[in-house]
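> Residues in the sequence shown are numbered from 1 upward in steps of one, following UniProt numbering.
From the three backbone atoms N, C-alpha and C, an ideal C-beta is built for every residue, glycine too.
These numbers come from a predicted model, not from an experiment.
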Amino acid sequence: LRQVALIVLLAQIGSFVPAVSATIGLVDRIFTRIGAREDLPAGQSTFMVEMVETANILNNATPRSLIILDEIGRGTSTYDGLSIARAVAEYIHSYPRLGAKTLFATHYHELVELASFLPRVKNFNIAVAEDKGEVIFLYRIVPGGVDKSYGIHVAKLAGLPKSVVHRAQEVLEELEGDSQKALSTRSARGRRRRKEAVPQQLPLLGRKSPLMEELEKLDIDSMSPLEALNKLYELQKKSKEG
């Protein structure tokens, strides 16, 4: 991420850049939100510093700016952080006076879905290969999103005791299992409710609209908040298109 900012800066001053070729437009400012630090003299926590810097970017960037954001929302609870990260990404993409070129690094895999309905969002990831339980980092950027992280493997490489790494893997498997069980339970509960529900009377004036039929088929109990919001966007778009 830092390398991109440095290359763009070099290009603006007419310098060579470390590439066979590069097409870089004019940039009025470079904004970065990278790293984690607190501001003790100002009495600001790490998360507050992150939010202050993010606010400065959103309030001052222009369509000609370059924005680099690293792990927005990591300093708070999972859902709070995910919600903030998504809202920031949507704001940069859709706010009429912004729309700046942006690199948005995140471990919130749910944000991968943004590319399905925000036309200028593109997903890329760092390629890895898995071999006999080992992870090999390939140091290549490839198109597409991912649905898993390698934090435990990195912890192992960093030298954490084997017992800690092993226990972390056990906890991860338990959490993933609980998540799948909860999803299955909500899905079964939703199906049972639909079977027990009394059929509603059809409108007197013709059949229901396709949107109403699609809405009634949704299994809300089995959907995550993010999936529900994505579906709401999709239905809203269909409604506007008539």
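1. Please return the same chain residues whose Cβ sits closer than 8 angstroms to the Cβ of L215, not counting the five positions on each side in sequence.
2. Could you check whether I152 and L175 sit closer than 8 angstroms to each other, using their CB atoms as the reference points?
3. In the DSSP assignment, find the beta strand (DSSP E) that holds E53 and state where it starts and stops.
4. Mind listing, in chain order, the continuous beta strand (DSSP E) runs of no fewer than 3 residues lying wholly within the region 89 to 153?
5. Between I92 and chain D, is the shortest Cβ-Cβ distance under 8 angstroms, so that the two count as touching?
6. Can you have a look at V88 and say buried or exposed, based on whether 16 or more other CB atoms are within 10 angstroms of its CB?
7. Return yes when the Cβ of T102 is within less than 8 angstroms of the Cβ of A85, no when it is not.
8. Within 10 Å of its beta-carbon, does G25 have 16 or more other beta-carbons around it, so buried, or fewer, so exposed?
9. Can at least three beta-carbon pairs, one atom from the region 93 to 101 and one from the region 133 to 152, be found at a separation below 8 angstroms?
10. Could you tell me if the beta carbon of V142 falls within a distance shorter than 7 angstroms of some heavy atom in the ligand SAH?
11. Rounded to the nearest angstrom, how far is the Cβ of I68 from that of L1, given a contact under 8 angstroms?
12. Given this structure, state the Cα-to-Cα distance separating A129 from M212, to the nearest angstrom.
13. Return the chain-ordered list of same chain residues with a C-beta closer than 7 angstroms to the C-beta of D147, the five sequence neighbours on each side being excluded.
14. So, is G177 buried or exposed, given that buried needs 16 or more other C-beta atoms within 10 angstroms?
15. Where does the unbroken alpha helix (DSSP H) through R74 begin, and where does it stop?
16. To the nearest angstrom, report how far apart L157 and A22 are at their CA atoms.
17. Do you know offhand how far V198's Cα is from P119's?
18. With a threshold of 8 angstroms on Cβ separation, who are the neighbours of Q44 within its own chain once the five nearest residues in sequence on each side are excluded?
19. Note the first and the last residue of the continuous alpha helix (DSSP H) segment covering I7.
20. In terms of DSSP beta bridges, what is D39 paired with?
21. Can you give me the Cβ contacts of G144 inside the same chain, cut-off strictly under 8 angstroms, excluding the 5 residues immediately before and after it?
22. When the Cα atoms are used, what is the spatial distance from E227 to L82?
23. Alpha carbon to alpha carbon, how far is R74 from L138? Give it in angstroms, no decimals.
24. Which of helix, strand or coil does DSSP assign to I220?
In brief:
1. L235
2. no
3. E53 -> not in any beta strand (DSSP E); alpha helix (DSSP H) instead, spanning 46 to 60.
4. 101 to 105, 124 to 131, 134 to 143
5. Absent from the structure: chain D. Only one protein chain is present.
6. buried
7. no
8. exposed
9. no
10. No copy of the ligand SAH appears in this structure; indeed no ligand is present at all.
11. 5 angstroms
12. 45 angstroms
13. H109
14. exposed
15. Taken as a continuous stretch (DSSP letters only), R74 belongs to no alpha helix (DSSP H), as it is neither H nor E.
16. 35 angstroms
17. Residue placement at V198 cannot be trusted, given a pLDDT of 47 that sits under 50; the coordinates are not used to answer.
18. E38, V52
19. 2 to 12
20. Q44
21. N123, F124, N125
22. 13 angstroms
23. 25 angstroms
24. helix
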